[in-house]
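Student: Residue numbers (the numbering used here), protein chains in the order written: chain A, 1 to 248; chain B, 1001 to 1248.
1) Can you tell me which of A:97, A:59, A:208 puts its alpha carbon nearest to the alpha carbon of residue 66 (chain A)?
2) Between the segment 1196–1205 of chain B and the segment 1224–1235 of chain B, do three or more beta carbon pairs fall short of 8 Å?
3) Mind checking which residues open and close the alpha helix (DSSP H) that includes residue 1007 (chain B)?
4) Output yes or no for whether 7 Å exceeds the beta carbon distance between residue 155 (chain A) and residue 223 (chain A).
5) Using a cut-off of 9 Å between C-beta atoms, extract the partners of residue 1121 (chain B) located in chain A.
6) Could you check how far apart the C-beta atoms of residue 1128 (chain B) and residue 1109 (chain B) are, in whole angstroms? I think they sit under 8 Å.
7) Below 7 Å between beta carbons: does that hold for residue 61 (chain A) and residue 242 (chain A)?
8) Within 10 angstroms of the Cβ of residue 22 (chain A), are there 16 or more other Cβ atoms? Answer buried if so, exposed if not.
9) Using only the alpha-carbon positions, how far apart do residue 1145 (chain B) and residue 1176 (chain B) sit?
10) Going by alpha carbons, who is nearest to residue 1016 (chain B) out of B:1119, B:1150, B:1056?
11) Report yes if the CB atom of residue 1048 (chain B) is closer than 7 Å to the CB atom of residue 1093 (chain B), and no otherwise.
12) Is there a C-beta anywhere in chain A that falls below 7 Å from the one on residue 1020 (chain B)?
13) By how many angstroms is the C-alpha of residue 134 (chain A) removed from the C-alpha of residue 1069 (chain B)?
14) For the beta strand (DSSP E) containing residue 1176 (chain B), list its first residue and its last residue.
15) By Cβ distance below 6 Å, which residues in the same chain neighbour residue 190 (chain A) in space, the five residues on each side in sequence not counted?
16) Quick one: residues in its chain with C-beta nearer than 7 Å to the C-beta of residue 132 (chain A), no 5 flanking neighbours on either side, listed in chain order?
17) List the residues of chain A whose Cβ lies closer than 9 Å to the Cβ of residue 1125 (chain B), in chain order.
18) According to DSSP, simplified to helix, strand and coil, what is residue 1248 (chain B)?
19) For residue 1153 (chain B), count the other beta carbons within 10 Å of its own beta carbon; 16 or more makes it buried, fewer makes it exposed. Which is it?
20) What do you reckon, are the CB atoms on residue 240 (chain A) and residue 90 (chain A) nearer than 7 Å?
21) Please report the distance separating the alpha-carbon of residue 1220 (chain B) from that of residue 1149 (chain B).
22) What are the complete beta strand (DSSP E) segments, minimum 3 residues, inside the segment 1016–1096 of chain B?
23) Where does residue 213 (chain A) land, buried or exposed, given buried means 16+ other C-beta within 10 angstroms?
24) So which residues of chain B does residue 80 (chain A) contact, with C-beta pairs closer than 8 Å?
25) Residue 211 (chain A) bridges to which residues according to DSSP?
26) Output needed for residue 1020 (chain B): all residues of its chain with C-beta closer than 6 Å, excluding positions within five of it in sequence on either side, in chain order.
27) Could you check which residue in B:1159, B:1140, B:1034, B:1046 has the C-alpha nearest to that of residue 1003 (chain B)?
28) What are the start and end residues of the alpha helix (DSSP H) that includes residue 137 (chain A)?
29) Compare the C-alpha of residue 1183 (chain B) against each of B:1107, B:1024, B:1138 and name the closest.
30) Give the DSSP bridge partners of residue 1111 (chain B), in chain order.
31) In terms of DSSP beta bridges, what is residue 224 (chain A) paired with?
32) By the three-class DSSP mapping on this structure, what secondary structure does residue 149 (chain A) have?
33) CB residue 79 (chain A) to CB residue 34 (chain A), shorter than 7 Å?
34) Tell me the rounded alpha-carbon separation between residue 126 (chain A) and residue 1085 (chain B).
35) When you compare the CB of residue 1052 (chain B) with every CB in chain D, is at least one pair closer than 7 Å?
36) For my contact list, residue 1159 (chain B) and residue 1088 (chain B) are in at a C-beta cut-off of 8 Å; report their separation, rounded to the angstrom.
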């Protein structure tokens, strides 16, 4: 068995998330079907991040194993030839036997995009979250910065989270403002389920003057999901990049 | 009756073009249905350019008439509230009684967008025309420039064109190159049916070394549609802007 790693982009709009489901189209299921169609082999494609329904990816990473070697560039072209246009494999290469797209990841970056102007261009519909009322981006910047460091993110995890340890280290948590376009960028050693969207839902409350920027630290300390804001809409969220140790 | 003019953007992908058809969704039909839903009045929305199926618009202009005055901003918001996200009204205002979106237009700009790299991002799928083989952009630039001026465009008009006079004045005809992104911009006092797409199909042949840049002038002079290239795909084409006399 030879292992391959791939980097892919997708628009999440028409998929029930990354992870395979029996009766609904998913990104994982679609990629697995493409590999089977091209190679004749039924494979399991393991993704670094299990993005939710509607979430987009600019740089998802995944791995799978094949019996016998293939020419990576040829396989990549064949897969892109059968995949729908809303999923593209940007890179495909042989990987070390021990490589694991999910377990080996040391850092991930997500981006959440807002449009804070009166009318959303059709060309951005489904790709950014539209907020019509004027957001206080300075308050949101201040709140975002308070997340940097190692914290217990229980208050921002999905209530049903079954992960034992809710501590995560945030390397970057920053709101970027370009006119009507706002972009929240966050990098961490890992993310709990719904963590980014729950943080963004809270930042939106802060930007809408429903909460103070200093609430972020209080919510973190409380460890109670009920204190954080609602889960922000999926269609503003992008899985941007996954980092691995240089040796891998 | 009070006349209103509107500027709109749309993604053409899910529409059978601008013009109303009985059994297929069109942009005109969708906007007319929205006006009827909001005002209760059955109106005819007259567009400046009758874009084909799949063609996009960044700045289509249209007009319609209503019985009795309405507050334009309120009507615009109400219409955007019921229109699907792939059509947006950017501006709506009362217009002089004599204003006619199509007949009064003095200049129009179209843009045709290519992606000339190996892998098309899902975020550009359906929005640019993907050409994998390397195009000779210098040859295309040279050919594009030869169209500026007043010419008989019979050779670039749809064979079924019923317009009497095929003379049009081209103010701008330019290929812009930004890395893998190519953009052909053309401004004229008017366009014949399929004219931009037939020009682009010919430019693509020139960029693919199937023809010389100097062929453009020969094709124009021939006045024969069979001498020009094929009609380029609709999904790379954008109606960008319409100009009206300052007085209107």
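Where a beta carbon is used, it is the ideal one built from N, C-alpha and C, also for glycine.
Tutor: Reading from the atomic positions:
1) By one-based count along the first chain, residue 66 (chain A) stands at place 66. For the residues A:97, A:59, A:208, the minimum Cα distance to residue 66 (chain A) belongs to A:97.
2) yes
3) Taking the first residue of the second chain as 1, we reach residue 1007 (chain B) at position 7. Residue 1007 (chain B) -> not in any alpha helix (DSSP H); beta strand (DSSP E) instead, spanning 1002–1010.
4) Residue 155 (chain A) sits at position 155 when you count from the first residue of the first chain. Residue 223 (chain A) sits at position 223 when you count from the first residue of the first chain. Yes, Cβ-Cβ distance for residue 155 (chain A) and residue 223 (chain A) is below 7 Å.
5) As a position in the second chain, residue 1121 (chain B) is number 121, starting the count at 1. Residues of chain A with a Cβ closer than 9 Å to the Cβ of residue 1121 (chain B) are, in chain order, 9, 58, 88, 90.
6) Numbered from its first residue, the second chain carries residue 1128 (chain B) at position 128. Numbered from its first residue, the second chain carries residue 1109 (chain B) at position 109. Taking C-beta atoms under 8 Å as the contact rule, residue 1128 (chain B) and residue 1109 (chain B) fail to qualify, at a distance of about 17 Å.
7) Position 61 of the first chain, counted from the first residue, corresponds to residue 61 (chain A). Position 242 of the first chain, counted from the first residue, corresponds to residue 242 (chain A). Yes, they are a contact pair.
8) Locating residue 22 (chain A) in the first chain gives position 22, where the first residue counts as 1. Exposed, by the Cβ-count rule.
9) Indexing the second chain from 1 puts residue 1145 (chain B) at position 145. Indexing the second chain from 1 puts residue 1176 (chain B) at position 176. Each residue's Cα considered, the two are about 12 Å apart.
10) Position 16 of the second chain holds residue 1016 (chain B). The option with the nearest alpha carbon to residue 1016 (chain B) is B:1056.
11) Counted from its first residue, the second chain places residue 1048 (chain B) at position 48. Counted from its first residue, the second chain places residue 1093 (chain B) at position 93. No.
12) To locate residue 1020 (chain B), count along the second chain from 1; it is residue 20. Cβ-Cβ to chain A under 7 Å: no for residue 1020 (chain B).
13) Along the second chain, one-based indexing puts residue 1069 (chain B) at 69. Along the first chain, one-based indexing puts residue 134 (chain A) at 134. Answer to the nearest angstrom: the Cα atoms are 30 Å apart.
14) Here residue 1176 (chain B) refers to the residue found at position 176 of the second chain. 1167–1178 is the span of the beta strand (DSSP E), which, as asked, contains residue 1176 (chain B).
15) Position 190 of the first chain, counted from the start, is the residue given in the question as residue 190 (chain A). If we look at residue 190 (chain A) and ignore the five residues flanking it on each side, its Cβ neighbours are 168.
16) Start at 1 with the first residue of the first chain, and residue 132 (chain A) comes out as number 132. Closer than 7 Å at Cβ, skipping near neighbours: 118.
17) The residue you call residue 1125 (chain B) lines up with position 125 of the second chain. Result: 11, 84, 85, 86, 88.
18) For the purposes of this step, residue 1248 (chain B) is identified with residue 248 of the second chain, where counting begins at 1. At residue 1248 (chain B), the pLDDT of 47 sits below 50, so the modelled position is not reliable; the number obtained from the coordinates is stated separately. In the structure shown, residue 1248 (chain B) sits in coil (DSSP, three-state: anything other than H, G, I, E or B).
19) The residue labelled residue 1153 (chain B) in the question sits at position 153 within the second chain. Residue 1153 (chain B) is buried by the Cβ-count criterion.
20) As a first step, residue 240 (chain A) is located in the first chain; it is residue number 240 there, counting from the start. As a first step, residue 90 (chain A) is located in the first chain; it is residue number 90 there, counting from the start. Taking 7 Å as the Cβ cut-off, residue 240 (chain A) and residue 90 (chain A) do not qualify as a contacting pair.
21) Within the second chain, numbered from 1, the residue matching residue 1220 (chain B) stands at position 220. Within the second chain, numbered from 1, the residue matching residue 1149 (chain B) stands at position 149. Near 12 Å, if we compare the C-alpha coordinates of residue 1149 (chain B) and residue 1220 (chain B).
22) 1056–1066, 1087–1094
23) Counted from its first residue, the first chain places residue 213 (chain A) at position 213. Buried, since its Cβ has 16 or more Cβ neighbours within 10 Å.
24) Stepping through the first chain from its first residue, residue 80 (chain A) is reached at position 80. 1119, listed in chain order.
25) Reading the first chain from its first residue, position 211 is the one you call residue 211 (chain A). Note: residue 211 (chain A) sits in no beta bridge, so no partner.
26) As a first step, residue 1020 (chain B) is located in the second chain; it is residue number 20 there, counting from the start. If we look at residue 1020 (chain B) and ignore the five residues flanking it on each side, its Cβ neighbours are 1026, 1028, 1029.
27) Mapped onto the second chain, residue 1003 (chain B) falls at position 3. Of the listed residues, the one whose Cα sits closest to residue 1003 (chain B) is B:1046.
28) Here residue 137 (chain A) is taken as the residue at index 137 of the first chain, counted from 1. DSSP places residue 137 (chain A) in the uninterrupted alpha helix (DSSP H) bounded by 137–145.
29) Working through the second chain from its first residue, we reach residue 1183 (chain B) at position 183. Ranking the options by Cα distance to residue 1183 (chain B), first place goes to B:1138.
30) For the purposes of this step, residue 1111 (chain B) is identified with residue 111 of the second chain, where counting begins at 1. In the DSSP output, where bridge partners are listed per residue, residue 1111 (chain B) has B:1185, B:1238.
31) Within the first chain, the letter at position 224 stands for residue 224 (chain A). BP columns for residue 224 (chain A) are empty, so no partner.
32) Here residue 149 (chain A) is taken as the residue at index 149 of the first chain, counted from 1. Here residue 149 (chain A) sits in strand by DSSP.
33) As a position in the first chain, residue 79 (chain A) is number 79, starting the count at 1. As a position in the first chain, residue 34 (chain A) is number 34, starting the count at 1. Taking 7 Å as the Cβ cut-off, residue 79 (chain A) and residue 34 (chain A) qualify as a contacting pair.
34) Residue mapping note: residue 126 (chain A) aligns to position 126 of the first chain, counting from 1. Residue mapping note: residue 1085 (chain B) aligns to position 85 of the second chain, counting from 1. Those two C-alpha atoms are separated by around 8 Å.
35) In the structure shown, chain D cannot be found, because the protein chains are A and B.
36) Position 159 of the second chain holds residue 1159 (chain B). Position 88 of the second chain holds residue 1088 (chain B). Going by Cβ atoms, the distance from residue 1159 (chain B) to residue 1088 (chain B) rounds to 35 Å, so no, they are not a contact pair.
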